[in-house]
Each structure stands twice: as structure tokens, then as C-alpha cells.
Amino acid sequence: MGIKNDFLWDLSEKLISFDTVSFKSNSQASSYIADILQDLGFKTHIDHYSDHGVKKEQVVAWIGPEVSGGLILSGHMDTVPFENQSGWSKDALKLTLENDKIYGRGTCDMKIFIAHCLAAFKELNLENLKKPLVCVFTSDEEVGCLGANKLTPKLERILGEIPVPKRAVVGEPTEFKMIHSHKGVVQFDVTLRGIAGHSSRPDLGRNAIEMARQVIQLSETFNQKFSMTSTSENREDFPEFPYNHFHLAYINGGQAANMIPNECHLKFSYRTFPNDDPLRLFFEFKQAIEQKLYSDEEYIQIKLNRMTKAMPKCSDHELENVLSALTGSHNHSVAYATDGGEFASHGIQTYICGAGSIQQAHMPDEFIEVEQYERGKEFVTDIIQKLLMA
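Going by my numbering, the sequence shown opens with residue 294, and the numbers climb by one from there.
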């Protein structure tokens with residue numbers, strides 16, 4: 294049977310066709326997934342919430358006996374934007390096979406993993422499950438794991454008599470490498486407010502951009518200090534960049550060359566390490582600004598925008614051994630964040646492992662290689678058989 298003539302292709306084609314960019318509703322995709330899971334014998338629950346007036350839905354589904362020792366398989370339905378992203382030569386919402394690559398937004402990150410799960414479930418005899426299988430398919434992962442943050446605390450209530458599994462596999466694109474920990478991220482905004490005036494009389498105004506320059510210089514001082522301090526664990530786990538770093542991502546201020554700018558906006562972010570207090574650096578920087586530069590809220594506002602949790606090392610050795618046997622991989626740590634941080638924060642031991650390369654995530658002409666695509670269903674099948682049916 295050709296690659297285009299099976300259930301996995303049909304699933305993938307349909308999932309890619311849904312425009313689930315994070316700022317849009319994903320209700321069509323969630324309903325489609327939930328309907329298939331119900332047809333396969335799962336009990337399902339759709340979690341609803343509104344994000345700035347946009348309807349968002351998340352799917353929880355479960356099957357198997359009401360005993361402990363189950364497994365969560367998780368992926369996110371949302372994608373990053375593709376409209377106005379230069380470099381696309383394919384239709385982002387059409388699954389396209391060309392030269393051993395399958396193109397489309399979400400092929401790599403990460404709708405295909407959801408298709409791998411659904412296709413594997415159809416081929417398995419799920420009546421033979423000895424432990425429960427739980428699916429958690431989230432929204433808004435790409436904008437700070439907001440969906441998982443809302444959903445994970447509700448799992449005990451949603452699952453009822455099924456104990457919340459204490460292990461999970463999140464099928465992000467890792468080329469089947471085992472990710473057992475990752476960094477988190479904190480984003481915050483700084484707004485400087487000066488006094489407007491004519492540039493010919495700078496003494497009568499207060500230049501908000503000059504105020505912002507002092508904040509930026511302070512961040513550079515922090516970064517210099519960070520570059521001289523790192524732990525041995527961080528050097529081992531994150532050798533590419535084992536330090537903290539305040540990243541200046543955005544600056545906007547001023548209107549014309551002959552006007553004293555009265556407002557300037559900055560956006561910062563920094564990556565957090567597992568087991569660190571994620572907000573410690575935010576409050577240290579905020580305190581330094583207030584002590585050394587400006588403390589009056591009339592002149593400066595410092596606002597925490599978003600925090601995505603780091604994921605500490607998974608300590609589930611049975612899960613580690615099964616994944617290692619299936620993939621031939623060993624433990625790695627990565628700098629990007631996933632829904633795994635939310636699961637881990639609720640005591641769920643989590644690995645990140647799935648088909649596709651993270652190098653293709655968020656890129657124009659996003660693709661997954663055919664070899665990875667075809668291997669993914671077998672990967673999910675083997676996990677279920679070894680952990681829930683043996």
C-alpha cells in the first residue's frame with residue numbers, strides 16, 4: 294500500500310488542513326480528534342476556555358482499567374503562524390509529499406505525532422490494556438504552554454476513577470532522541486515614561502529612550518556577571534550555553550528627530566534552569582532598576598508577561614529503559630520549553646521524544662522526512678505494548 298493510501302495519511306492530511314495558529318480557534322481540530330477517539334472506544338472530555346475572546350479547546354481521552362501505573366501521551370494542536378512568513382513554496386495547510394519529505398505546517402511540530410497516536414490506537418487491540426492509556430492534546434503550547442497550564446491541574450477531576458498517570462511522553466520532534474530535561478523561559482516588559490518636549494530644549498524634557506539605554510546597560514552588567522558563573526550540572530546538561538542571560542528582544546520609542554521621546558518600550562526574556570527559582574532573576578533585575586535608576590511608577594513600569602516552566606530530569610527508570618531500547622538513544626537536555634514542564638510540575642515524570650527534527654520547527658516549508666513519519670506509528674505502538682500491555 295502506498296504512503297498516501299492508509300489511515301495515517303488520511304489523519305495527517307486532515308489535521309494539517311486545520312488552521313490552528315495559536316491566536317485562532319482550534320475547535321474544528323479538537324472535535325475531529327475527539328470524534329475519532331470516541332470511535333476507537335475512548336472516553337473523552339473537551340476542556341474549553343477563552344483566550345482574548347477566542348474559543349480554545351483541549352482533548353483529554355482515556356481507556357483501560359481503573360488502576361495506577363498508566364501512561365499519558367501528549368501533543369499540542371496549535372502551530373506558529375505561516376501567513377506572511379517568507380520562504381514558503383508549498384501550501385502550508387496541504388499535506389504535500391515530495392522527494393522523501395512531507396511538507397505542511399505542523400508536520401514536524403507537531404500534529405503528525407497526534408496522527409501517529411490515533412493510527413497506532415486503531416491497529417492495537419486496546420481491550421488488552423492492563424493499565425490505563427490517557428491522551429492529553431493541548432492548545433496554546435506555542436505561546437507559553439498556556440493550555441497545559443490550565444489543563445494539568447484539572448486532570449484528576451476529569452479522569453475520575455482513573456488515577457492520573459505519573460509518567461508521560463510528549464511527542465515533540467526530537468528525531469527519537471530522549472529529552473529528559475529542558476529549560477524554561479520568563480518574559481517581561483519594561484516601559485519607560487519621560488517628559489515630551491522640543492529637542493531644542495532637552496533640559497525641559499526627559500528622554501525615555503535615554504532612560505531605556507540605562508536599563509539596557511544594567512542588563513548587560515547582569516549578563517557579564519552571569520557569564521562568569523555556572524554550575525557544574527548546567528555545564529554538563531546544557532554545554533552550549535550553561536549561563537543565564539537577559540535577552541533584549543524588542544525596543545520601540547520615539548516619534549520624530551525634533552521631539553523628545555516621552556515613552557519607550559522594552560521586551561526581555563531569559564531562560565531558566567530546572568530546579569531554579571524561575572522568578573528570582575526577574576525580581577533581582579526589577580530591584581536593581583528601582584534602586585539604581587528609577588523607583589517611581591510614574592516613570593517606569595516593569596511587568597511580568599509570561600512564564601513557561603522548566604522540566605527537571607525524569608527519574609522514571611522503567612520509562613527510560615523502554616524508550617532507550619526502542620530508540621537506541623540516551624538522555625539529553627535541551628534549551629527550548631515544552632508542555633513537559635507543566636506535567637513535571639504536577640509530579641508526572643516526563644520524557645520528550647518523537648518523530649521529526651526540531652530544526653524544521655517554525656520554519657517555512659516545514660517538513661518531516663518520510664522515514665521519521667513512517668517510524669512514528671510503530672514507536673507509539675511499541676511504547677503502549679511494553680508499558681501498558683506487558
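C-beta atoms are modelled at their ideal positions from N, C-alpha and C, and glycine is treated no differently.
- Item | L644 versus S492 - alpha carbon distance | Taking the sequence shown and counting its residues from 1, the one referred to as residue 644 is at position 351. Taking the sequence shown and counting its residues from 1, the one referred to as residue 492 is at position 199. It should be pointed out that residue 644 corresponds to Tyr in this sequence rather than to Leu. Just so you know, the alpha carbons of Y644 and S492 end up roughly 57 Å apart.
- Are there 16 or more other CB atoms within 10 angstroms of the CB of G453, so buried, or fewer, so exposed? Locating residue 453 in the sequence shown gives position 160, where the first residue counts as 1. With fewer than 16 other Cβ atoms within 10 Å, it is exposed.
- Can you give me the Cβ contacts of Y536 inside the same chain, cut-off strictly under 6 Å, excluding the 5 residues immediately before and after it? Residue numbering aside, residue 536 sits at position 243 when the sequence shown is read from its first letter. The residues are F519, S520 and S523.
- For the beta strand (DSSP E) holding W302, just list the boundary residues, first then last. If you number the sequence shown from 1, residue 302 lands on position 9. Membership of W302 in any beta strand (DSSP E) is not indicated; the residue belongs instead to the alpha helix (DSSP H) covering F300 to S310.
- Taking the C-alpha atoms as reference points, what is the distance between T709 and D433? No answer is possible for residue 709: the residues shown for the chain start at 294 and end at 683.
- Item | Neighbourhood of P456 by C-beta, 6 Å cutoff - its chain only, sequence neighbours within 5 removed | Stepping through the sequence shown from its first residue, residue 456 is reached at position 163. Cβ contact annotation for P456 (same chain, cutoff 6 Å, sequence separation greater than five): S361, in chain order.
- Task: With a cut-off of 8 Å on the beta carbons, I'd call I676 and V479 a contact; round off their distance for me.
- Result: Residue 676 sits at position 383 when you count from the first residue of the sequence shown. Residue 479 sits at position 186 when you count from the first residue of the sequence shown. At roughly 32 Å, the Cβ-Cβ gap does not stay under 8 Å, so I676 and V479 are not in contact.
- Item | Start-to-end residues for the alpha helix (DSSP H) that takes in Y325 | What you label residue 325 is simply residue 32 of the sequence shown in a count that begins at 1. That run of the alpha helix (DSSP H) goes S320 to D332.
- Message: Could you tell me which whole beta strand (DSSP E) segments of length 3 or greater appear in the segment 450-492?
- Response: 460-463, 471-475 and 477-486
- Measuring CA to CA, which of G440, N377, Q548 and F566 is closest to S525? Position 232 of the sequence shown holds residue 525. That would be F566, whose Cα lies nearest to the Cα of S525.
- Just to confirm, are G487 and G477 a CB contact at a threshold of 8 Å? On the sequence shown, position 194 is the one that residue 487 refers to. On the sequence shown, position 184 is the one that residue 477 refers to. With contacts defined by Cβ atoms closer than 8 Å, G487 and G477 do not form a contacting pair.
- Go through its chain and collect everything with a Cβ distance to G440's Cβ below 6 Å, but skip five positions before and after it. Translated into positions along the sequence shown, residue 440 becomes position 147. Q351, T431, S432 and D433, listed in sequence order.
- Name the DSSP beta bridge partners of K596, please? On the sequence shown, position 303 is the one that residue 596 refers to. Paired residues: D482.
- Item | Pair within 8 Å by beta-carbon distance, T372 and F660 | As a position in the sequence shown, residue 372 is number 79, starting the count at 1. As a position in the sequence shown, residue 660 is number 367, starting the count at 1. No.
- For R564, which of N527, N319, G621 and T337 has the nearest alpha-carbon? Position 271 of the sequence shown holds residue 564. Nearest C-alpha to R564: N527.
- Message: By the three-class DSSP mapping on this structure, what secondary structure does R564 have?
- Response: Here residue 564 refers to the residue found at position 271 when the sequence shown is read from its first residue. Looking at R564 - three-state DSSP - the assignment turns out to be strand.
- May I have the straight-line CA-CA distance separating A354 from K415, to the nearest angstrom? Working through the sequence shown from its first residue, we reach residue 354 at position 61. Working through the sequence shown from its first residue, we reach residue 415 at position 122. Going from the Cα of A354 to the Cα of K415 covers about 14 Å.
- Task: Quickly, what does DSSP pair N624 with across the bridge? List them, please.
- Result: Walking along the sequence shown from the start, residue 624 turns up at place 331. DSSP lists M471 as partners of N624.
- Expressed to the nearest angstrom, what Euclidean distance is found between the alpha-carbon atoms of G554 and V508? For this step, residue 554 is matched to residue 261 along the sequence shown. For this step, residue 508 is matched to residue 215 along the sequence shown. Checking the sequence, you will find Pro at residue 554 rather than Gly. P554 and V508: Cα-Cα distance of roughly 16 Å.
- Following the continuous beta strand (DSSP E) through F660, name the residue where it begins and the one where it ends. Counted from its first residue, the sequence shown places residue 660 at position 367. From DSSP, the beta strand (DSSP E) with F660 extends over F660 to E662.
- Message: Assuming contact is defined by CB atoms lying nearer than 8 Å, are L511 and A501 in contact in what I supplied?
- Response: As a first step, residue 511 must be located in the sequence shown, where it is residue number 218. As a first step, residue 501 must be located in the sequence shown, where it is residue number 208. Cβ distance not < 8 Å, so L511 and A501 don't count as in contact.
- Message: My assumption, with CB atoms under 8 Å, is that G647 sits in contact with G464. Please give the rounded CB distance.
- Response: Position 354 of the sequence shown holds residue 647. Position 171 of the sequence shown holds residue 464. Contact flag correct, Cβ pair sits at about 3 Å.
- Query: Where does H610 fall in DSSP's three states?
  - Reply: Here residue 610 refers to the residue found at position 317 of the sequence shown. It is helical.
- Under 8 Å by Cβ, that's how I've got F316 and V347 pegged, so tell me the actual separation to the nearest angstrom. The residue labelled residue 316 in the question sits at position 23 within the sequence shown. The residue labelled residue 347 in the question sits at position 54 within the sequence shown. Sure, about 7 Å apart at Cβ, within 8 Å.
- Query: By DSSP, does C438 sit in helix, in strand, or in coil?
  - Reply: As a working note, residue 438 is residue 145 in the sequence shown. C438: coil per DSSP, three-state reduction.
- Spatial neighbours of K585 within its chain, please: CB distance less than 7 Å, with the 5 preceding and 5 following residues excluded, ordered by chain position. Numbered from 1 along the sequence shown, position 292 holds the residue referred to as residue 585. Around K585: L511.
- Message: Give me the DSSP bridge partner(s) of V347.
- Response: Your numbering for residue 347 matches position 54 in the sequence shown. Its beta-bridge partners are D344.
- Item | Span separating the alpha-carbon of K670 from that of R573 | Against the sequence shown, residue 670 aligns to sequence position 377. Against the sequence shown, residue 573 aligns to sequence position 280. Looking at the two C-alpha atoms, the distance is approximately 42 Å.
- Message: So for E556, helix, strand or coil by DSSP?
- Response: Numbered from 1 along the sequence shown, position 263 holds the residue referred to as residue 556. Note: E556 maps to strand in three-state DSSP.
- Apart from the five residues just before and just after H338, which ones in its own chain have a Cβ nearer than 6 Å to its Cβ? Along the sequence shown, one-based indexing puts residue 338 at 45. Contacts found: V353 and I451.
- Task: Reducing DSSP to helix, strand and coil, say where M682 ends up.
- Result: Reading the sequence shown from its first residue, position 389 is the one you call residue 682. Helix, per DSSP.
- Query: What are the boundary residues of the alpha helix (DSSP H) that includes H538?
  - Reply: Residue 538 sits at position 245 when you count from the first residue of the sequence shown. Segment: none, H538 is in no alpha helix (DSSP H) and carries neither H nor E.
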